Structure formats: structure tokens, C-alpha cells
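Student: One structure is given below, represented as C-alpha cells, and several questions about it will come after.
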Amino acid sequence: MNIRHHLSATLFLAAIFPSSADVSVSKVFGDHMVLQQKAPIRVWGTADPGERVSVSLGGKTLETTATNEGSWRVDLPSLTADNKPHTMTIKGKNIVEIKDVLLGEVWICSGQSNMEWAVNRSLNPKEEIAAANHPKIRLFNVPGHVAKPEPEKDPRGQWQICSPATIPGFSAVGYYFGRELQKELNVPIGLVGTNWGGTRIEPWTPPVGFKSVPNLKDYVENLDAVAKARAEGKKANPKGGAVQIYNGMVHALTPLSARGAIWYQGESNAGDGLRYDHLKEGLVKGWRSAFDNEDLSFYWVQLANFQNPGDKPEGGGWGPVREGQRRALRLPKTGMAVIIDIGDAKDIHPKNKQDVGKRLALWALAKDYAKNVVPSGPLYRSMKKEGSKIRVSFDYVGSGLTTGEKKGLDPIKETKGAELARFSIQDKAGKWHWAKAKIDGKDVVVWHDEVKNPQHVRFGYESNPVGINLYNKEGLPASPFTTD
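Position 118, counted from 1, in the sequence shown is what the working numbering calls 118; the numbers after and before it change by one each time, with no gaps.
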């Protein structure tokens with residue numbers, strides 16, 4: 001027989017009668033993974049159209065039938081963390097077993113370079129890596145940097161057990177956050193890292209996020225125009241790269257059940273100022289929709305102090321984008337780690353990621369796990385004019401307001417009696433002046449001797465407010481703010 005003719009015939013028949021495909025499960029499911037406890041356990045994958053597929057875990061089994069497109073999904077009933085390894089079994093025409101599965105708390109760790117910044121580049125890397133034996137912490141990192149015009153269907157990466165061998169290249173903020181949770185909760189922690197340095201927020205946002213925020217209508221119109229152009233065979237790129245990193249690095253993770261997400265990003269959007277509030281709203285609402293979880297907790301990091309100190313009482317620089325980050329706290333189930341005291345004037349990547357992770361963890365411990373902790377330093381709540389002075393009130397005063405200073409990884413050192421710094425006040429003509437300020441109970445009173453009819457107050461409203469020193473007695477810094 002002619003070998004070439006035989007091979008051609010074989011390929012022709014294979015095209016007409018393709019061999020059966022094995023049942024497979026999304027790559028986000030793998031040995032050593034953590035599944036979210038007390039939440040529906042969503043499992044999905046592919047099989048032959050019409051094939052019956054069963055998924056078993058923890059003594060519970062569900063069956064489903066693959067769709068005409070060959071996809072399947074089951075939502076197993078929730079289970080509770082028990083610190084025991086389990087095996088998940090997926091059966092169709094073949095059997096897939098996923099071993100050493102733990103039940104616990106799952107968190108997505110995302111953002112740009114300060115979230116991507118690895119343990120081996122943070123403070124005290126040798127000591128931190130050597131001590132990273134945490135078998136109940138599991139790591140999944142989406143590798144590389146991928147932006148796509150269409151959503152990826154399956155993630156890249158694999159689960160690993162946290163150890164000195166696996167932790168060096170993982171997100172330092174994510175690790176220190178997870179380590180704090182594991183210590184306080186004593187349940188397994190799963191950390192899913194997906195990050196890309198130098199990126200804006202728009203590429204991480206799915207289309208539904210832009211559509212959910214009226215102030216982002218311009219992005220919706222642009223995405224519609226891009227879709228139309230591409231349908232006509234024309235090249236077109238969305239404004240700000242919108243959606244494309246979500247497509248490449250987040251979509252394939254959905255709808256994995258998770259407790260929440262932590263986010264460190266904003267440097268690349270610093271020029272957007274106050275509009276970052278609405279961009280953050282789009283991201284939060286978009287991810288909650290994509291992960292099919294309107295209760296997905298979302299905690300972010302406010303930008304650290306950076307660049308040369310300013311001398312203008314009206315502020316500027318990164319002041320507006322930090323205010324945009326603060327204002328986004330109006331969204332439910334959100335929180336913000338303030339790190340205005342641990343930055344570096346000459347380095348956009350502060351090496352102290354330990355305190356960043358701890359401060360993010362305080363939000364989760366307080367809001368998600370009902371721990372009796374103060375999650376934040378003072379956050380601006382309201383102002384009240386009192387003659388020629390303005391009284392400023394705060395949330396998260398804790399056990400009281402104080403002045404302090406922060407050095408390295410040490411707790412803050414209280415500086416009782418020190419003058420409050422970096423407050424400014426606006427007169428009736430709109431001019432800003434450096435102001436005096438003093439702690440009065442749970443409030444701060446602000447004034448200027450020559451301003452008789454003050455209008456507004458600002459605090460630390462610049463890129464690097466050197467000397468900023470308002471804290472609560474729990475040792476957490478007040479967020480910069482403006483009242484106008």
C-alpha cells in the first residue's frame with residue numbers, strides 16, 4: 001500500500017470521525033489547591049458533547065451533561081475547612097483525580113508592579129524565605145504577562161505548597177497577607193497571584209465593569225466602536241487597553257469561588273486623579289460579576305509616599321489619585337490599607353511589603369472573619385465649621401488619636417505633644433494656607449490665624465507629605481484627604 005495515500009486517508013477519516021476527547025477540568029484545579037470553604041464549589045471543564053460527567057468531593061457527588069459545545073460545570077455544596085487533605089474525582093469516559101485538596105480561604109492577589117514585587121526583593125529576603133515553611137498556605141501564580149482581545153478559556157499555572165523553594169518569586173504583599181490570615185485563622189489559605197507591572201486599571205476591568213458605572217460611558221462607547229471595527233476586519237485597540245489583561249489573566253480564573261481580592265495598583269493611573277474613584281468602581285463591580293459573587297470582598301492599597309516633598313499648601317501630584325482611592329471606599333465590602341508612612345522618596349517600589357500585607361489582612365480579619373481588630377487608621381468622615389476653625393471627624397479612631405513616626409518594620413513610636421503636620425486650610429477666596437492643627441478628643445481642629453472664614457481642609461494632599469504624623473493608638477496612619 002502507498003504509505004502517503006494511507007496517511008492521507010487516515011487524516012481524512014480522523015477529521016470526519018474525531019476520536020473521543022477525555023474529560024478534563026480547568027487548570028485552576030490541581031493537586032495541592034485550596035477550595036473556598038462555606039461557599040458553592042464551582043468546578044468546570046470540557047468533555048464530549050452529551051457526555052455524562054460526575055464530580056465527587058468530601059462525600060458529595062454531582063452529575064451533569066456536557067453541552068453541545070463540550071463544556072460542563074457543577075456547583076458542589078459548600079464544605080467547611082477541616083485541615084485535612086481531600087481528593088476530588090471527576091469521572092466521564094475517563095477519571096481525573098486531584099489530590100491533596102484543602103478547604104479554606106481563597107484570595108486573589110492582583111495589580112501592577114508593587115503587587116508583583118516578589119518576596120526575594122522585599123525587606124529581609126533571606127530570613128523571610130528561610131522561614132516560609134507553611135504547608136497550609138498554597139500558591140497559584142498566573143505566569144507571564146498576557147493581554148488578549150478575546151477571553152482566555154483556561155489559565156496557565158499550577159498550585160504549589162508554600163515553602164522556601166516556592167515562595168521567593170511569589171508576590172510579597174500577597175504572601176505576607178496570607179501568612180497573617182493563616183496565623184490568625186488556623187485554616188488553609190489559597191493565594192492566586194495575577195499581576196503585571198506598569199499596567200493601568202482599565203485593562204484589568206471586564207466589559208460589564210465599565211457598563212455598570214455611568215461615569216465610564218466613554219469607555220463603553222469606545223469598546224463598542226472597537227468591536228464594530230474588528231467585526232469589519234479592521235485593526236482597533238480599546239482606550240487605555242481596556243479589558244485585554246482581564247481577558248488574558250483573569251477571565252480563565254472565573255467563576256472560581258473566593259473570599260475576596262487584594263489589589264495594589266494606581267501608579268500608572270496617577271494622572272487620572274479623582275476619576276480613579278470611578279475606575280475602581282468599575283473594576284470592583286466587574287470582578288464581582290465575573291466571579292459570580294456580589295459579596296466578593298475587595299481591599300486595596302493606597303499609594304505610598306513617593307517623589308520629592310512638596311511645599312504648596314494646596315497640594316497636587318499624587319494627592320488627587322489617593323483621594324480617588326479613598327472615595328471608592330463608599331462601595332460595600334471594601335477597605336484600603338494606608339501606607340503613607342512607609343514609602344521611599346526615591347523608589348516607587350517600597351521594600352517594606354510586610355506592613356502592607358499586615359494592613360490589608362486587618363481589613364479581612366475585621367470584615368470577613370469578625371475579629372475584634374481596628375482595620376484602619378483614621379479615615380476622613382466629615383467637617384464642621386466652628387467660627388474661624390474647622391473640626392474634622394474620622395472613622396477608625398480606635399482607642400484614640402495620637403502623633404507618631406514609623407521606621408522600618410518597627411511599630412510606630414508615639415510622639416506625644418508633637419505638632420500635627422501637613423494640614424492646610426482654604427480661605428473664602430479659594431487660597432490655601434499651611435494650617436495649625438490639634439487633636440481634640442476624637443477629632444482634629446484646624447485653623448490659620450489670618451483665615452477668618454475657612455472653607456475646606458486638606459491633609460497630606462501631595463505626592464510625598466514628609467512629616468505626616470497623625471495615627472490612631474493602634475499604630476495605623478491617617479489617610480490623606482481633602483474635604484472639597
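Backbone N, C-alpha and C fix where the C-beta goes; we use that ideal spot for every residue, glycine too.
If you're wondering where the values come from, they're calculated on a predicted model, not measured in any experiment.
(1) Going by other Cβ atoms of all chains shown within 10 Å of its Cβ, with 16 needed for buried, is Asp295 buried or exposed?
(2) Pull up the distance between the alpha-carbon of Lys438 and that of Lys473, whole angstroms please.
(3) When you compare each of Leu181, Pro135, Glu180, Trp434 to Cys162 by their alpha carbons, which one comes out closest?
(4) Verify whether the separation of the beta carbon atoms of Ala361 and Phe177 is less than 8 Å.
(5) Helix, strand or coil for Leu476? Go by DSSP, reduced to three states.
(6) Would you list, in sequence order, the uninterrupted beta strand (DSSP E) runs of no fewer than 3 residues that lie entirely inside the region 385 to 443?
(7) Please list, in chain order, all residues of the same chain as Gly58 whose beta carbon is under 7 Å from its beta carbon, the five residues on each side excluded.
(8) My assumption, with CB atoms under 8 Å, is that Met249 sits in contact with Gly174. Please give the rounded CB distance.
(9) Kindly identify the DSSP beta-bridge partner or partners of Lys91.
(10) Buried or exposed for Ile95, please, with buried defined as at least 16 other CB atoms from any protein chain shown within 10 angstroms of its CB.
(11) Identify the continuous alpha helix (DSSP H) that holds Asn247 and give its terminal residues.
(12) Residues in its own chain within less than 6 Å of Lys384 by CB, not counting five upstream and five downstream?
(13) Beta-carbon within less than 6 Å of His448's beta-carbon, same chain only, minus the 5 sequence neighbours each way: which residues are those?
(14) Between Leu420 and Tyr219, what straight-line distance do the alpha-carbon atoms span, to the nearest angstrom?
(15) By alpha-carbon positions, which one of Val106, Ala118, Glu462 ends up nearest to Asn195?
(16) Going by CA-CA distance only, name the one from Gln36, Thr67, Met88, Gln455 that's closest to Thr61.
(17) Which value, in whole angstroms, describes the spacing of the CA atoms of Arg381 and Asp440?
(18) With 16 as the cutoff for other CB atoms within 10 Å, does Asn372 come out buried or exposed?
(19) Going by CA-CA distance only, name the one from Pro350, Ile90, Ser212, Thr334 that's closest to Trp363.
(20) State the DSSP-derived secondary structure class of Phe177, mapped to helix, strand or coil.
(21) To the nearest angstrom, how far is the alpha carbon of Ile167 from that of Gln36?
(22) Return yes when the Cβ of Pro378 is within less than 8 Å of the Cβ of Val356, no when it is not.
(23) Alpha carbons only, please: which of Arg52, Ser26, Arg330 is nearest the one belonging to Arg42?
(24) Distance check for Glu314 and Pro480, CA to CA, integer angstroms please.
(25) Residue ranges of each alpha helix (DSSP H) run of no fewer than 4 residues wholly in the region 224 to 308, ordered along the chain?
(26) With distance defined between alpha-carbon atoms, name the residue in Leu409, Gly417, Ala345, Asp427 nearest to Glu128.
Tutor: Reading off the structure:
(1) exposed
(2) If you take the alpha carbons of Lys438 and Lys473, they lie about 16 Å apart.
(3) Pro135
(4) Taking the C-beta atoms as reference points, Phe177 is found nearer than 8 Å to Ala361.
(5) coil
(6) 389 to 395, 401 to 405, 423 to 426, 432 to 434, 436 to 440
(7) Leu79, His86
(8) Taking C-beta atoms under 8 Å as the contact rule, Met249 and Gly174 fail to qualify, at a distance of about 15 Å.
(9) Ser54, Ile95
(10) exposed
(11) Start and end: 244 to 249.
(12) Arg391
(13) Ile425, His433, Ala435
(14) 42 Å
(15) Ala118
(16) Met88
(17) 15 Å
(18) Taking every protein chain shown into account, the CB of Asn372 has fewer than 16 other CB atoms within 10 angstroms, so this residue is exposed.
(19) Thr334
(20) helix
(21) 21 Å
(22) no
(23) Ser26
(24) 13 Å
(25) Listed in chain order, they are 244 to 249, 276 to 290.
(26) Leu409
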